[in-house]
Amino acid sequence: MAEPLTLIANRVRYFHESDEALFFAWLDRMKVVSGYEGRGDGLHIRLARHPNDDDLRELIAFHQRYAIDMRQLAAFKAPGNACWFAAPGMYWYQAVFGPVSA
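Have a look at this one:
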């Protein structure tokens, strides 16, 4: 993460103008998001607080849908969410934490 509680979405690809509108509508509806601003070819997304479990699930879905680098979400791993968030069998595990080590 570039700044505390800031995520960066670089070069997001939209497949239709409606897709872009839905991207920003989703951001606007997220309770954890306090604002966002474009900087260069990236969008800096400010979070109002450390994400709770529901926020984190929504951020995972958002990042997956728009192919945003999910590695930055690893910073939100905590003892209270590690059992599900950092579980190697989850579809996002490698995108967030890297390959499963043996």
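Counting along the sequence shown from 1, when you hit position 89 you're at 264 in this note's numbering, and nothing is skipped either side. We put the beta carbon where it would ideally sit given N, CA and C, even for glycine.
Could you compute how far the alpha carbon of Trp201 sits from the alpha carbon of Trp259? Looking up residue 201 in the sequence shown gives position 26. Looking up residue 259 in the sequence shown gives position 84. Straight-line Cα distance between these residues: approximately 24 Å.
Excluding the five sequence neighbours on either side, which residues of its own chain have a C-beta within less than 6 Å of the C-beta of Asp230, listed in chain order? Start at 1 with the first residue of the sequence shown, and residue 230 comes out as number 55. Only Val207 meet the Cβ criterion.
Neighbourhood of Leu182 by C-beta, 6 Å cutoff - its chain only, sequence neighbours within 5 removed: Mapped onto the sequence shown, residue 182 falls at position 7. If the five residues before and after Leu182 are omitted, its C-beta is found closer than 6 Å to the C-beta atoms of Ile220 and Gln247, all from its own chain and listed in chain order.
For Ser209, which of helix, strand or coil comes out of DSSP? Taking the first residue of the sequence shown as position 1, residue 209 is located at position 34. In this structure, Ser209 counts as strand in the three-state DSSP scheme.
Can the beta-carbon of Leu180 be found closer than 7 Å to that of Leu234? Counting from 1 along the sequence shown, the entry for residue 180 is found at position 5. Counting from 1 along the sequence shown, the entry for residue 234 is found at position 59. The answer is no: Cβ separation not under 7 Å.
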